[in-house]
Each structure stands twice: as structure tokens, then as C-alpha cells.
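S.K.:
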Amino acid sequence: MSASPLDSTAQTGQSSGGDWQEQVYQHIKSMKESYLPELNEMYQKIATQLQQHNSLPTQPKLDQLEKMNVFKMLERIIAFLQVSKSNISPNFKEKLGSYENHIINFINRKRHKKAMPPMQSRQLPLPHIDWQEEVYQKIKSMKENYLPELNEMYQKSASKLQRHTSLPQQPKSYKLEKLKKFMKMLECAIAFLQVSKSNMSPNYRLKLDSCEKQIIKIININRPKKIVPPLQYGQFPPPHMQSH
1000 MSASPLDSTA
1010 QTGQSSGGDW
1020 QEQVYQHIKS
1030 MKESYLPELN
1040 EMYQKIATQL
1050 QQHNSLPTQP
1060 KLDQLEKMNV
1070 FKMLERIIAF
1080 LQVSKSNISP
1090 NFKEKLGSYE
1100 NHIINFINRK
1110 RHKKAMPPMQ
1120 SRQLPLPHID
1130 WQEEVYQKIK
1140 SMKENYLPEL
1150 NEMYQKSASK
1160 LQRHTSLPQQ
1170 PKSYKLEKLK
1180 KFMKMLECAI
1190 AFLQVSKSNM
1200 SPNYRLKLDS
1210 CEKQIIKIIN
1220 INRPKKIVPP
1230 LQYGQFPPPH
1240 MQSH
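The numbering used here applies: residue 1000 is where the sequence shown begins, and numbers increase by one.
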């Protein structure tokens, strides 16, 4: 397999520290386009209802309290979706999945109240399916680039383990443990690359970058090193020794 996809990805990860910020910003932008109009509508509706409650002589406290909690949550979500790129901090990346789940729950609950058929009310909005397709395509690309080499490493490690365990005098236990741990790591990486689209949950999107970096690290560390012959003595004399 060519080394270029791995090397270029590794270099990109090192040279551009702002890439994660751009990815998070684009994700939030996509969520904003998909969900904000509906969330704003819900927000305005609850604001009107709360205003009506406040004008009543006797206020239904429990109902009002629940609406106030939803109102505050919507306020936070809308603020999250309207954040500027310069204000995106690292913890925004971790919050993406939970915020998107909250948004989907709000929207589905609202649709359910509109007396949708049971199956339809549980369906996720189309944008949720869009991110799933995006993640699936990314994993598919990673699979094409890395899986053959990972499989080869796994087969070699399995053969090595089999040879060690069949020896009359087995090697030291820490070596076997190290090999088993490495094989376990390979199994996890291979399983991640072979996941089916239907089994993808939102946290797969957040795991992509760290998983790819881990795979690149495994491959680069365990790829056979090219032996470079040492320079012959006197081949490149130091500058002060060169003739004037």
C-alpha cells in the first residue's frame, strides 16, 4: 500500500492545529441550517405561553416550571448554534453529540404532539441521516487506505503468538502480554473500520479523528524500517575542511 495517504494525513494533523475548530464550526453550521428555524418556532411559542401564564390570576405552577426548563434549554441550544468560529473552544467538540441528541429529542417530541403516526414520530430528521452518510463515507475511505495493512499486521502477530505458545520454553510473559495487547488494539481498529452504516451512533463522528490518528500511529510504528547505509568516511567533509 502507498505510504502517501498515511503520511499526508499525519502531517496535516501536526501542521494544522485549527482543523478541529473548522470541522466543529462546519458541523454546527450544518445543524444550524437544519434545526434552527424549528427551534426558534418552539422558543417563540413557549415564550408566548409563559407570558400568558404570568398574566393569569392563578398560575399552574408545575406546567409553568416544565415550560420554563424547556425554554432555558432551548435558549442554551440556540446560543450554541449561533456561536462564532472564533469563540469555539475544544469542549465544543465533546458537546456536539449531546446537543444534537437534545435537539432531535425536542423536535421529535414536538412532532409527536402534532399527532404523527407512531413510527413517523420516532423517525430522526433527515440531517441526522446526512451526518451518518458522511461518517460512513469517511470510514469507507479509511478502510480502503488502512485495512489491508492492519489485516497483514494482525495475521503476522497471530502467527507469532502461535509460534511462541508452541515453544517448549516460552518467552517471558511480558512479551506475550505486549503482543496480546497489540493484537487487541488491532482488533478494535479493524472492527471500527468494518462497522455497518446501520450500526453507527453519533459518537462515531466524534471518534473519527482520534481513531484515524491511532491507526496511523500503529502503522507507522510497525512498518518495516528502511535500512539507510551509513555515509563513507570523508564523503561529505565539514565546511572548514573544504578547499578554498
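Glycine is no exception: its CB is placed at the ideal position from the N, C-alpha and C atoms.
1. Going by the beta-carbon positions, is the gap between I1077 and N1104 smaller than 8 Å?
2. I need the boundaries of the alpha helix (DSSP H) containing S1172, first residue and last residue.
3. Determine the DSSP secondary structure at S1200, reduced to helix, strand or coil.
4. For Y1173, count neighbouring Cβ atoms within 10 angstroms of its own Cβ and tell me buried if that reaches 16, exposed if not.
5. Would you say the region 1025-1043 touches the region 1077-1087, given that touching needs at least three Cβ pairs under 8 Å?
6. How many Å lie between K1155 and F1181 at the Cα?
7. Assign I1102 to buried or exposed, taking buried as 16 or more other Cβ atoms, counted over all protein chains shown, within 10 Å of its Cβ.
8. Could you give the distance in angstroms between the alpha-carbon of S1088 and the alpha-carbon of M1030?
9. Once DSSP output is grouped into helix, strand and coil, what is the label at I1087?
10. Less than 8 Å separating the beta-carbons of L1207 and L1149?
11. Between F1091, L1166 and E1074, which has its C-alpha nearest E1021's C-alpha?
12. R997 to V1069, Cα distance in whole Å?
13. Given this structure, state the Cα-to-Cα distance separating R1222 from N1202, to the nearest angstrom.
14. Cα-Cα, which of E1065, M1072 and Q1193 is closest to E1099?
15. Alpha carbon to alpha carbon, what distance is there between V1023 and M1041?
16. For R1162, tell me which candidate among L1178, E1151 and L1192 has the shortest Cα-Cα distance.
17. If you draw a straight line from the alpha carbon of N1198 to that of Q1136, how long is it in whole angstroms?
18. Is I1045 near K1066, with beta carbons less than 8 Å apart?
M.R.: The structure says:
1. With contacts defined by Cβ atoms closer than 8 Å, I1077 and N1104 do not form a contacting pair.
2. S1172 to L1192
3. coil
4. exposed
5. At 8 Å Cβ cutoff, the stretches touch.
6. 12 Å
7. buried
8. 17 Å
9. DSSP places I1087 in coil when its eight states are reduced to three.
10. no
11. F1091
12. Lying before the first or after the last residue shown, residue 997 is absent from the chain, which here runs from 1000 to 1243.
13. 30 Å
14. M1072
15. 25 Å
16. The shortest C-alpha separation from R1162 is found at L1178.
17. 14 Å
18. yes
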